[in-house]
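Chains as they are written, first to last, in the working numbering: chain V, 107 to 507; chain B, 107 to 507.
Protein chains: 2
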Amino acid sequence: MAGKPNILILGAGYAGMVTAAKIFKKIDQNQANVTLISKHDYHYQTTWLHEPAAGTMHPDRTRMNIKDVIDTTKIKFIQDEVVEIKPAENKVVLKNTGSAEYDYIVTGLGAVPETFGVEGVFEHAYSKWTLNGARQIKDHIEYMFSKYNNDPEPKEADLSFAVAGAGFTGMEFIGELSERIPELSKKYDIPMNKIKMYVVEAAPTALPGFDPELVEYAMNLLENRGVEFKINTPISAVTAEGLVLKNGEEVKASTVVWATGVRGNPVIEKSGFENMRGRVKVDKDLRAPGYENVFIIGDCSLIINEETERPYPPTAQIAMQQAVTVANNLNALINNKALEEFKPEIKGTVASLGGKEAIGVIGKRKVFGTSANFMKKMIDNRYLWILGGPGLVLKKGKNPF
Amino acid sequence: MAGKPNILILGAGYAGMVTAAKIFKKIDQNQANVTLISKHDYHYQTTWLHEPAAGTMHPDRTRMNIKDVIDTTKIKFIQDEVVEIKPAENKVVLKNTGSAEYDYIVTGLGAVPETFGVEGVFEHAYSKWTLNGARQIKDHIEYMFSKYNNDPEPKEADLSFAVAGAGFTGMEFIGELSERIPELSKKYDIPMNKIKMYVVEAAPTALPGFDPELVEYAMNLLENRGVEFKINTPISAVTAEGLVLKNGEEVKASTVVWATGVRGNPVIEKSGFENMRGRVKVDKDLRAPGYENVFIIGDCSLIINEETERPYPPTAQIAMQQAVTVANNLNALINNKALEEFKPEIKGTVASLGGKEAIGVIGKRKVFGTSANFMKKMIDNRYLWILGGPGLVLKKGKNPF
């Protein structure tokens, strides 16, 4: 290796951004060139997207310019889309600007929706859990309200909103939407009883894996806001009319939001890494098996929870912790020290349910209502602190006052 | 050194507690015995004490049992008062339980009030900025109100409250008190115009070192709540009647709160370390000059700000950062690695002014009112997260909802 090694960071989600923010706290700045590559020149908080998607928060509040957070005098930023990683050639193929070579690479590429083979998802449902996707969902919802009032023959289905999947994302989204529906009802002069909200889930419970008491709390609360749950109800197709269920029933809805889960990034599959649905079962030091200089973290890494023997779901919490380990391990590689093992430390999980409502687990304690809502906002603000210090909290944080 | 080295941590303030909380994240648990020694079996947040002192927060909300936060199966806890450190003998003399020997010591002993030679402070003013001290101030204030109504000859001075010092502590305290006075006025049937509040400051400005615009904001706000400032006004004595000023004037007040500043702990002076008013100008690795195994952090360490060439004021922010460096440096000493230099990273400073008001600087940005209040609560909650994770935030945090 002649001169300083080149470190590439792919993706500006939680994994990539925290790696970029922490790397020169772990590595001496004279020891490496670092480049961050991302499709957009902004970062957004995926875990906040249920709010702009439902229209309860301006989308710009969930994003920030990368250059406002990452010191681009120290880290080079390339705005481009990654097409393929060629690990045998230590190089990355980019869509518009050719290619980039590396000595070490950290891939923090994000997940994509999982359809589980259901037809019509990409044609008829909103499935992109991105900033652009969230804006489209919000505008579509509002358009349905204004359209209903102007149609010569108003369609009931235009006032019907269906969410496929009662996991974390689906529940947080319906929480926001159900909180906003009374406002939309008033704004567009449409009586509440004409508006329908559905959540359809194939598993035997909403929020699989969550404590049953919390699940019940969430479902009761959402049902009181007018949400109808169809649990244990697999979907067979999405059509222009709505959802077709495996039991033969149809859910007529001009708005279907697809939130049944995610898979890893197609770039991982294309690049030849051994993977399961786009996720690589990484070594304990977070490297891809067989590659000494390829780290995979965030949504495309697969880590087994030794207690449950099942993979951890891809969360911001784990991505951020992985980023710190990766920064340490890059320093170790550059300075010929021993690499450390990644050990996830699950501090808790909180799902917001709109307004001042939320549920969750903090340590071993269950939380509901305003305590849970407080913890959710604290978690969101703490992320901003980790990324950009108190200045970023001040600028972008959730100030309850 | 036979067997595992013994590490003693003295004091359970910000410095000692964060050292204890982080030490086994930096040092392998099999490599050292760690003991924490503190006078009380609880920790309290000194930076919150203006609230219980004024009676706007229950004192128990600012404290926690040490055993609830520090894993005492891993760290031994001794409840005792430190009388003297004998660095030549590697031992600490304790008040009740004899002595404790060490291979390495981290002293996080707290500050004591500075009187600047003014007479009568300890006899006639409330100067103890501790949990017990705060409780006494609150109870005394309330007692003055109830006494006034029952005295055959009610004393005006019983309704007069004087704070000596318009620094951080004095301003935060008068902020809380002025916020609470209307409530006390109502509760005790005493008209507002009978109640007097004074802040007396020897320096040419309140909050010396703070931005003038912020100081003006704070003074205007407090004056609107009825506080009278006497700036540029040194005090010559505290008496049973109140304050005697150098200009000959008297401020009659049955309650005087002394908040002119602090000095280091007398134990440091007694133990023979070279010091300035109880503070040791520590080496860059935070060790006491001339001692390879003595770290001094927190209120008793003196660190020069190279930009201003003046010492940093002793703050929780710096104490917590020092604790992380100390944990790293203890690991380095035990494993024969190079020690790191401590570099304070001042992220901002926010002073609360009672209610939803505060002022401060975050990065280079000035903040006022509700933004500042939000950042203050965020800083307070973040401390709890660092110490005990989200569970402690949930239990003890400032939940605005």
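Note that the Cβ used here is the ideal one computed from N, Cα and C, for glycine as well.
Exercise. Decide if residue 221 of chain B is buried, meaning its Cβ has at least 16 other Cβ atoms within 10 Å, or exposed.
Key: Taking the first residue of the second sequence as position 1, residue 221 of chain B is located at position 115. The Cβ neighbour count for residue 221 of chain B, taken over all protein chains shown within 10 Å, is at least 16; the residue is labelled buried.
Exercise. Go ahead and pull the three-state DSSP assignment for residue 397 of chain V.
Key: Working through the first sequence from its first residue, we reach residue 397 of chain V at position 291. Coil.
Quiz item: Which residues does DSSP pair with residue 192 of chain V in a beta bridge?
Solution: Counting from 1 along the first sequence, the entry for residue 192 of chain V is found at position 86. DSSP, once it has assigned bridges, lists V:197 as partnering residue 192 of chain V.
Exercise. Answer yes if the region 425-432 of chain V comes into contact with the region 496-506 of chain V, meaning at least three C-beta pairs across the two stretches below 8 angstroms, and no otherwise.
Key: Because the criterion of three Cβ pairs below 8 angstroms is not met, the region 496-506 of chain V and the region 425-432 of chain V do not touch.
Quiz item: Along chain V, which residues have their Cβ under 7 angstroms away from the Cβ of residue 473 of chain B?
Solution: Along the second sequence, read from residue 1 onward, the residue named residue 473 of chain B stands at position 367. Those are 500, listed as they occur along chain V.
Quiz item: In terms of residue numbering, what span does the beta strand (DSSP E) encompassing residue 284 of chain B cover?
Solution: As a first step, residue 284 of chain B is located in the second sequence; it is residue number 178 there, counting from the start. Unbroken run through residue 284 of chain B is the alpha helix (DSSP H), 274-293; no beta strand (DSSP E).
Practice problem: Measure the C-alpha to C-alpha separation of residue 168 of chain V and residue 202 of chain V and round it to an integer number of angstroms. | Solution: Here residue 168 of chain V refers to the residue found at position 62 of the first sequence. Here residue 202 of chain V refers to the residue found at position 96 of the first sequence. Going by the C-alpha atoms only, they are around 27 angstroms apart.
Exercise. Pull up the distance between the alpha-carbon of residue 281 of chain B and that of residue 462 of chain B, whole angstroms please.
Key: In the second sequence, the residue the question calls residue 281 of chain B occupies position 175. In the second sequence, the residue the question calls residue 462 of chain B occupies position 356. Cα-Cα distance, rounded: 10 angstroms.
Quiz item: If you draw a straight line from the C-alpha of residue 343 of chain B to the C-alpha of residue 190 of chain B, how long is it?
Solution: Here residue 343 of chain B is taken as the residue at index 237 of the second sequence, counted from 1. Here residue 190 of chain B is taken as the residue at index 84 of the second sequence, counted from 1. Linking residue 343 of chain B to residue 190 of chain B through their CA atoms gives a straight-line distance of about 31 angstroms.
Quiz item: Which term fits residue 228 of chain V, buried or exposed, when burial requires 16 or more other beta carbons within 10 angstroms of its beta carbon?
Solution: Reading the first sequence from its first residue, position 122 is the one you call residue 228 of chain V. By the 10 Å Cβ count, residue 228 of chain V comes out exposed.
Practice problem: Return the residues of the region 131-165 of chain B that lie within a Cβ-Cβ distance of less than 8 angstroms from chain V, sorted by chain order. | Solution: Listed by position, the residues of the region 131-165 of chain B near chain V (Cβ gap below 8 angstroms) amount to none.
Quiz item: Out of curiosity, what's the CA-to-CA distance linking residue 248 of chain V and residue 294 of chain V?
Solution: The residue you call residue 248 of chain V lines up with position 142 of the first sequence. The residue you call residue 294 of chain V lines up with position 188 of the first sequence. Their Cα atoms are separated by approximately 9 angstroms.
Self-check item: Straight-line Cα distance separating residue 412 of chain B from residue 187 of chain V
Solution: Position 81 of the first sequence, counted from the start, is the residue given in the question as residue 187 of chain V. Position 306 of the second sequence, counted from the start, is the residue given in the question as residue 412 of chain B. Residue 187 of chain V and residue 412 of chain B: Cα-Cα distance of roughly 44 angstroms.
Exercise. Taking only beta-carbon positions, decide if residue 191 of chain V is within less than 8 angstroms of chain B.
Key: Mapped onto the first sequence, residue 191 of chain V falls at position 85. So, not an interface residue.
Quiz item: Can a CB atom of chain V be found closer than 8 angstroms to the CB of residue 176 of chain B?
Solution: Here residue 176 of chain B corresponds to residue number 70 of the second sequence, with the count starting at 1. Taking Cβ atoms only, chain V never reaches closer than 8 angstroms to residue 176 of chain B, which makes this a no.
Quiz item: Measuring CA to CA, which of V:143, V:111, V:259 and V:460 is closest to residue 64 of chain V?
Solution: What the structure shows of chain V is the stretch from 107 to 507, and residue 64 of chain V is not part of that stretch, so it cannot be assessed.
Quiz prompt | Any C-beta of chain B under 8 angstroms from that of residue 228 of chain V | solution = Walking along the first sequence from the start, residue 228 of chain V turns up at place 122. Taking Cβ atoms only, chain B never reaches closer than 8 angstroms to residue 228 of chain V, which makes this a no.
Quiz prompt | Range covered by the alpha helix (DSSP H) that runs through residue 364 of chain B | solution = On the second sequence, position 258 is the one that residue 364 of chain B refers to. First-last for residue 364 of chain B: 361-364, but that is the beta strand (DSSP E), not the alpha helix (DSSP H).
Quiz item: Which residue comes first and which comes last in the alpha helix (DSSP H) that contains residue 323 of chain V?
Solution: Your numbering for residue 323 of chain V matches position 217 in the first sequence. Residues 318-330.
Self-check item: Ranges of the alpha helix (DSSP H) found wholly within the region 370-451 of chain B, counting only runs of at least 4
Solution: The region 370-451 of chain B is shown to contain whole alpha helix (DSSP H) runs of 4 or more residues at 372-376 and 422-440, in chain order.
Quiz item: Looking at the unbroken beta strand (DSSP E) that takes in residue 456 of chain B, where does it start and where does it end?
Solution: Residue 456 of chain B sits at position 350 when you count from the first residue of the second sequence. DSSP places residue 456 of chain B in the uninterrupted beta strand (DSSP E) bounded by 454-458.
Practice problem: Have a look at residue 123 of chain V and residue 144 of chain V and give me their C-alpha separation to the nearest angstrom. | Solution: Your numbering for residue 123 of chain V matches position 17 in the first sequence. Your numbering for residue 144 of chain V matches position 38 in the first sequence. Computed Cα separation, rounded: 10 angstroms.
Quiz item: Between residue 311 of chain B and the rest of its own chain, which residues show a CB-CB distance below 7 angstroms, the 5 nearest in sequence each way excluded?
Solution: Taking the second sequence and counting its residues from 1, the one referred to as residue 311 of chain B is at position 205. Apart from sequence neighbours up to five positions away, the residues of its chain that approach residue 311 of chain B with a beta-carbon distance below 7 angstroms are 321 and 337, ordered along the chain.
Quiz item: Closest to residue 300 of chain V by CA distance: which of V:443, V:251, V:414 and V:308 is it?
Solution: Residue mapping note: residue 300 of chain V aligns to position 194 of the first sequence, counting from 1. Measuring from the Cα of residue 300 of chain V, the nearest candidate turns out to be V:251.
Practice problem: Flag residue 243 of chain B as yes when its Cβ comes closer than 7 angstroms to any non-hydrogen atom of the ligand PLP, and as no otherwise. | Solution: Ligands are entirely absent from the displayed structure, and the ligand PLP is therefore not among its contents.
Quiz item: Between residue 367 of chain V and the rest of its own chain, which residues show a CB-CB distance below 7 angstroms, the 5 nearest in sequence each way excluded?
Solution: Translated into the one-based positions of the first sequence, residue 367 of chain V becomes position 261. Beyond the five residues adjoining it in sequence on each side, residue 367 of chain V comes within less than 7 angstroms, by CB distance, of 220, 271 and 273 in the same chain, given in chain order.
Quiz prompt | Close-in-space but distant-in-sequence residues of the same chain around residue 138 of chain V (CB under 7 angstroms, 5 per side omitted) | solution = By one-based count along the first sequence, residue 138 of chain V stands at place 32. For residue 138 of chain V, where only same-chain residues beyond five positions count, the Cβ hits under 7 angstroms are 110, 111, 113 and 440.
Quiz item: Would DSSP call residue 242 of chain V helix, strand or coil?
Solution: Here residue 242 of chain V refers to the residue found at position 136 of the first sequence. Residue 242 of chain V: helix per DSSP, three-state reduction.
Quiz prompt | Chain-ordered chain V contacts of residue 477 of chain B [CB-CB under 7 angstroms] | solution = Within the second sequence, residue 477 of chain B is the residue found at index 371, counting from 1. The answer, in chain order, is 500 and 505.
Quiz item: Relative to the C-alpha of residue 356 of chain V, which residue among V:341, V:198, V:489 and V:283 is closest?
Solution: Numbered from 1 along the first sequence, position 250 holds the residue referred to as residue 356 of chain V. Of the listed residues, the one whose Cα sits closest to residue 356 of chain V is V:341.
Self-check item: Contact set between the region 445-469 of chain B and chain V, restricted to residues whose Cβ is under 8 angstroms from the partner
Solution: Result list: 453, 454, 462, 468 and 469.
Practice problem: Return the residue from the list B:379, B:434 and B:435 that minimises the CA-CA distance to residue 408 of chain B. | Solution: One-based indexing of the second sequence puts residue 408 of chain B at position 302. Looking at the Cα atoms, B:379 is the closest of the given residues.
Quiz item: Quick one: what's got a C-beta closer than 6 angstroms to residue 275 of chain B's C-beta in the same chain, skipping five residues either side?
Solution: For the purposes of this step, residue 275 of chain B is identified with residue 169 of the second sequence, where counting begins at 1. Hits under 6 angstroms: 365.
Self-check item: From B:237, B:213 and B:195, residue whose alpha carbon lies closest to that of residue 405 of chain B
Solution: Counting from 1 along the second sequence, the entry for residue 405 of chain B is found at position 299. The shortest C-alpha separation from residue 405 of chain B is found at B:213.
Quiz prompt | residue 496 of chain B: contacting residues in chain V (beta-carbon distance under 8 angstroms) | solution = Numbered from its first residue, the second sequence carries residue 496 of chain B at position 390. Within 8 angstroms of the CB of residue 496 of chain B, the CB atoms of chain V belong to 453, 454, 468, 469, 481, 484 and 485, in sequence order along the chain.
Quiz item: Taking the alpha carbon of residue 141 of chain V as the point to measure from, which residue in V:172, V:348, V:183 and V:147 has its own alpha carbon closest?
Solution: Reading the first sequence from its first residue, position 35 is the one you call residue 141 of chain V. Ranking V:172, V:348, V:183 and V:147 by Cα distance to residue 141 of chain V puts V:183 first.
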